[in-house]
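All letters in the sequence shown, in the order written, are residues 5 to 67 by the numbering used here.
Contents: one structure, followed by commentary.
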Amino acid sequence: LLDNNINILNFFYKIKIINNNKYLYMDDYSINNLELINSYNGISLYNFLNKNITVLGNRLLKK
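Okay, structure coming up:
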């Protein structure tokens, strides 16, 4: 990476290893760039998938 593009290294942050294969840890920067919760055009992945009727269902999906 250093030979090809030094600026690309600025996008990498500290990696956190979790010893549980059930979860994928994502930092705030990644979540925002992938528009998982909030989106610039109003249609995030969360909004697209959220077909829950109850508030509890909304919370569980967001968790």
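Note that the Cβ used here is the ideal one computed from N, Cα and C, for glycine as well.
Because the structure is a prediction, the values reported are computed rather than measured.
Of the residues the options, the one placed nearest residue i, counting alpha carbons only
{"i": "Asn51", "options": "Ile41, Ile35 and Thr58", "result": "Ile41"}
Same chain only: Cβ atoms within 8 Å of residue i, ignoring 5 sequence neighbours per side
{"i": "Ile35", "result": "Ile41"}
Supposed close pair residue i, residue j - CB separation, criterion 8 Å
{"i": "Asn45", "j": "Asn54", "result": "Wrong, their Cβ atoms sit about 16 Å apart, outside the cutoff."}
Nonlocal neighbours in the same chain, by C-beta distance under 6 Å from residue i, ignoring five residues either side
{"i": "Leu49", "result": "Leu40"}
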